[in-house]
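Below is one structure, written out as structure tokens, with a few remarks after it.
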Ligand SMILES: Cc1cc2nc3c(=O)[nH]c(=O)nc-3n(C[C@H](O)[C@H](O)[C@H](O)COP(=O)(O)OP(=O)(O)OC[C@H]3O[C@@H](n4cnc5c(N)ncnc54)[C@H](O)[C@@H]3O)c2cc1C
Ligand SMILES: Cc1cc2nc3c(=O)[nH]c(=O)nc-3n(C[C@H](O)[C@H](O)[C@H](O)COP(=O)(O)OP(=O)(O)OC[C@H]3O[C@@H](n4cnc5c(N)ncnc54)[C@H](O)[C@@H]3O)c2cc1C
Ligand SMILES: Cc1cc2nc3c(=O)[nH]c(=O)nc-3n(C[C@H](O)[C@H](O)[C@H](O)COP(=O)(O)O)c2cc1C
Ligand SMILES: Cc1cc2nc3c(=O)[nH]c(=O)nc-3n(C[C@H](O)[C@H](O)[C@H](O)COP(=O)(O)O)c2cc1C
Ligand code: FES
Ligand code: FES
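Chains as they are written, first to last, in the working numbering: chain A, 2 to 275; chain B, 2 to 275; chain C, 1037 to 1344; chain D, 1037 to 1344.
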């Protein structure tokens, strides 16, 4: 077992799971990733192509972990296309984590897309700790729903629940995650809301939680080069997403002017969210 | 407490003890030296002047150690002249150690001059372990006898004995260490002989022990630069005195062609002992 | 300067530049955001050098661009990614009190003069010219290896500003003292030494170079003894403030650089293991040191090793 | 070469020199005693480079001459202490089978030709010319920084021997690839890269430089990424065997150097923590590697990183 998270490990992809036509999970053996905390991420090296941050996905086998990739640009597509037996490099896990306070009994977990990756790890921990979790998975449409099986498996032997909603109503409940949350918080008292997904979705979730005085934690994404607090590319106001985050609480988020408004491009210029 | 022996510690000289007009003991606080094993040495830095190897001398205070210097050339004279409150640097302790086997019950310790330094540490360990030690201190003449008090203190509450011999008979028994040893081994059965001092004296001691099939261990000196097995200046045939030694046993010594014959100068040329 | 200051004076002077303490942020480290600069200032930093800025925005190289090598050493080939002079002058436009030095990089005299004209309208302390980035062609080291180019660029910047100028030198293909001499002769006020050293890391399993650019710059612990040597040599031979840089990770390293001849010290890679609070911590420890040694001001130790 | 060797072939060829495996002793490490060379040979070393020898015996600098810096890095300024050509040729006079390369250092062409004439009568594999010792004036680096001097010295040695010649280059004040090119053009057969880098360490407590010579050469872990880069660049641009050196402490480092383009690898500082048995250990591990990777000979991986 490696004790230095910075040390690059070269691992073999042992299994690939196709989640949707554009989302794939790659399973590998790595002790450090296996014990990653929910919210932590790896820097994944696709040799001679890219290195990109990826949240650590849970895997049921001891000593194993995974990443779930949505194919997008050069790096993520190259990773998406890796096959069983291919080699990739890892360093990390880096970053802080979602905090499950001892007092929590009933939590709400809201995720969109691959944002569910760290949340499933969180949900699995919560269920093991006998915390009741309501997990909401939001997607635009049925084709984009994935992780349903694994989420059901996590929740099945607990009093937790798993809900799916789609914007177009093609699967699960019709509505956005924010509208789902709206109705859930009317009927339940949650100790904390946890969210990860598209930033504008998180902005809505955080806003609603704050208005209703519910503690909230969100895992954010920014462009990352180093992943360890050196290069500054992930800066979000005065915070570094890689080192101070990726998980921020409602109090921190309320002070971050850029949250849901703008991010920095590869050259460090600020770009507004559409 | 420093755990890395290579790390240079700067220590203050807390006490100086004049042993003879040309031999002085400097006491300082250093945990690593305090726990040095008998036979180990320090590299002592006299800032901007020299760095020289010195055996670790015992000191009665917890956490303290000392070095005992015979003034000779530039480095040792500068060290000799250091006063209470002055700073010196240390690294080490380095080297292997005298081995006290569990089976040993009766040992002979033969030292000359500052060669007694590692032997006193050994004697002190032996007495604590209830091994009977006969300590012989050899000197040319009365003025050169030192460490008597400390040796008596080590042996006083045990059945060990301390003997002094001088070549000219001006103090203690008249005779050389080798002639003393000769008569001692006739009357006693020693499990092992330990020696440190001038190389020609050790050559005699080792020779006599070997002839009489008594196990023997000798701590040797050679010119040292690095003290850690890099520079090669301390080489003695194929052995490195700093890393493989300074303590060698009779079997090793019998194969070392240079033992008692020649040493290497600062430039690496072989010089024969006078 | 109040030498009776009970808090022990850590302030240092770099020619016309006054810093409240000798700790500075090295260029390229967290250096593109005014909010981060403010956070660092709250962490008691003495001065801040921004990321090297070019006329046009630069995306830099694909990742991997930064590799932790272990043991506190790092390899990077970021490719000078930066938002460019316009976006960056906007970023700093609200700056009032943060002691900022802008690092400049470019490939022609014209580029430098253009940037200086724009940045000179801001509240800044001065400039650092990066002539020593070891892994971007036609910028950085290739310029830094050509004394004539160095002379021209420094002269151009000098003609366009009255702000203090530091030139950052590295260990490359010309002698570091010579390079510093050329820079000072051309009008620089001080020298920053050193930048990263050209280096490389190859993965044994895949047999492939790790950095996308293959070759990058070595920083952190590994290069400290080289940085100390350069500061010692430059400060011994030339008359100008020297800013030490390379492998500083504790107050002891700051002191070692100052004893070697540095008037201030830049800190970079170590933030990868400590975060920004390292500045607060080191400043506190420097205060203890000054107190213990009974110094009136920390600058009393600058270059003291030259005596021995 | 028997490629069907069940023991997996670790042998490498450096031009005319055949080594049973790519591990070599770096110059200056334990390198003045035939008995030690024999011990190292029993530890399965591939080849041995002696300490740099000069015409006259040299005492070198006073101690401290070697400083362990921690983290596997070292600083030294031994001052090229050596017994001189006469004593050393006597030392090696009985050598029959130990694969020895003699390192030469000098300040004039005459000195080199004198030494080569004497050493050529011994059983040796060849010479390494040390043009890169960073801390002895008028020998080593100051010569190495002057391409004209390098050209003359190498030509002189070439004229006086038919034995293979390697030139050891360092990172100093001229580009390492250029220096290597000059050496090869003048008749060298191969290049050793790299020597130590000029560096310094100052004690914070006493404020004094530690080495008696103040400035010395950095070796060990710290310099490995720089050595890898130099080997990569030299082997990519020039057609000659390159011997890698700098910071090797495990079989992985040997492989990394070979992938970068080295045909053999010298090992030095690490002996300070492992002793001579490191050669036996690394050789065993290299065998495992060759087996695991299914190579017929380890030399198949030389320079493979150039493909990427
Ligand atoms: C902490 C963290 C965790 C993440 N977890 C996951 C995950 O589990 N699954 C998943 O599919 N994606 C995840 N991402 C996003 C993922 O890193 C990017 O989608 C990926 O880097 C895109 O690479 P590319 O070369 O394909 O993109 P490009 O074509 O280069 O760019 C496409 C988009 O991806 C973003 N991007 C590119 N490179 C990076 C980078 N180095 N860091 C951050 N964003 C980048 C760009 O900002 C751009 O918006 C995570 C990002 C972060 C910061
Ligand atoms: C393992 C070891 C333990 C020692 N322990 C003691 C001790 O406890 N007390 C004591 O007084 N002496 C001890 N010595 C000897 C001591 O190191 C030398 O007397 C001292 O280094 C002389 O330094 P100098 O500058 O005064 O000598 P110089 O004037 O330079 O030379 C005088 C003599 O000292 C020897 N010498 C010089 N430098 C060194 C060096 N770096 N390493 C070894 N020998 C050197 C020379 O070979 C020469 O014969 C020990 C030596 C070794 C190797
Ligand atoms: C990720 C990274 C980016 C850097 N970018 C720049 C840069 O843009 N301009 C510059 O002059 N130096 C740059 N450097 C070099 C640093 O400013 C500094 O000289 C070097 O890292 C040595 O200091 P350190 O050991 O404290 O990191 C960069 C260093 C790192 C690690
Ligand atoms: C104590 C010491 C002495 C050295 N003496 C020489 C020398 O005489 N000639 C030489 O070419 N290199 C000399 N070197 C440099 C080494 O041969 C080698 O190039 C350098 O140490 C880097 O390798 P390493 O990191 O494995 O030690 C010496 C290095 C050390 C540490
Ligand atoms: S990714 Fe480099 S500081 Fe966060
Ligand atoms: S003193 Fe350097 S090898 Fe022993």
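Beta carbons are placed, not taken as given, at the ideal position from N, Cα and C, and that holds for glycine.
Three-state secondary structure (DSSP) of residue i
| i | result |
| --- | --- |
| residue 156 of chain B | helix |
| residue 1333 of chain D | strand |
| residue 1049 of chain D | strand |
| residue 85 of chain A | coil |
| residue 1187 of chain D | helix |
| residue 244 of chain A | coil |
| residue 1091 of chain D | coil |
| residue 1339 of chain C | coil |
| residue 1066 of chain D | coil |
| residue 212 of chain B | helix |
| residue 1143 of chain D | coil |
| residue 1230 of chain C | coil |
| residue 64 of chain A | coil |
| residue 1167 of chain C | coil |
| residue 22 of chain A | coil |
| residue 193 of chain B | strand |
Proximity of residue i and residue j at Cβ, strictly below 8 Å
| i | j | result |
| --- | --- | --- |
| residue 109 of chain B | residue 182 of chain B | yes |
| residue 1256 of chain C | residue 1305 of chain C | yes |
| residue 137 of chain B | residue 164 of chain B | yes |
| residue 33 of chain A | residue 14 of chain A | no |
| residue 153 of chain A | residue 114 of chain A | no |
| residue 1302 of chain D | residue 1228 of chain D | yes |
| residue 1083 of chain C | residue 1341 of chain C | no |
| residue 159 of chain A | residue 197 of chain A | no |
| residue 1242 of chain C | residue 48 of chain A | yes |
| residue 1251 of chain C | residue 1244 of chain C | no |
Buried versus exposed, by CB contacts within 10 Å (16 or more), residue i
| i | result |
| --- | --- |
| residue 1040 of chain D | Low local confidence applies: a pLDDT of 43 at residue 1040 of chain D is under 50, so the model's placement there is unreliable, with the coordinate-based value given in what follows. The residue is exposed, with fewer than 16 neighbouring Cβ atoms inside 10 Å. |
| residue 260 of chain B | buried |
| residue 1160 of chain C | buried |
| residue 1337 of chain D | buried |
| residue 187 of chain A | exposed |
| residue 1075 of chain C | buried |
| residue 106 of chain A | exposed |
| residue 144 of chain A | exposed |
| residue 1137 of chain C | buried |
| residue 22 of chain A | exposed |
| residue 95 of chain A | buried |
| residue 1096 of chain D | buried |
| residue 1080 of chain C | buried |
Same chain, Cβ closer than 8 Å to residue i, neighbours up to 5 away in sequence not counted
| i | result |
| --- | --- |
| residue 1094 of chain D | 1115, 1116, 1117, 1118 and 1120 |
| residue 84 of chain B | 14 and 17 |
| residue 177 of chain B | 139, 166, 168, 202 and 205 |
| residue 1042 of chain C | With a pLDDT of 49 at residue 1042 of chain C, under the threshold of 50, the modelled position of that residue is not reliable, and no figure is offered here. |
Cβ neighbours of residue i in the same chain (closer than 6 Å, five flanking residues each side left out)
| i | result |
| --- | --- |
| residue 1204 of chain D | 1164, 1166, 1168, 1228 and 1231 |
Close Cβ partners of residue i (< 7 Å) along its chain, the five nearest in sequence each way excluded
| i | result |
| --- | --- |
| residue 86 of chain B | 13 and 14 |
| residue 1322 of chain D | 1046, 1057, 1287, 1290 and 1334 |
Cβ-heavy atom distance, residue i to ligand 7, below 7 Å
| i | result |
| --- | --- |
| residue 224 of chain A | Because ligand 7 does not appear in the structure shown, any question about it cannot be addressed here, the ligands present being ligand 1, ligand 2, ligand 3, ligand 4, ligand 5 and ligand 6. |
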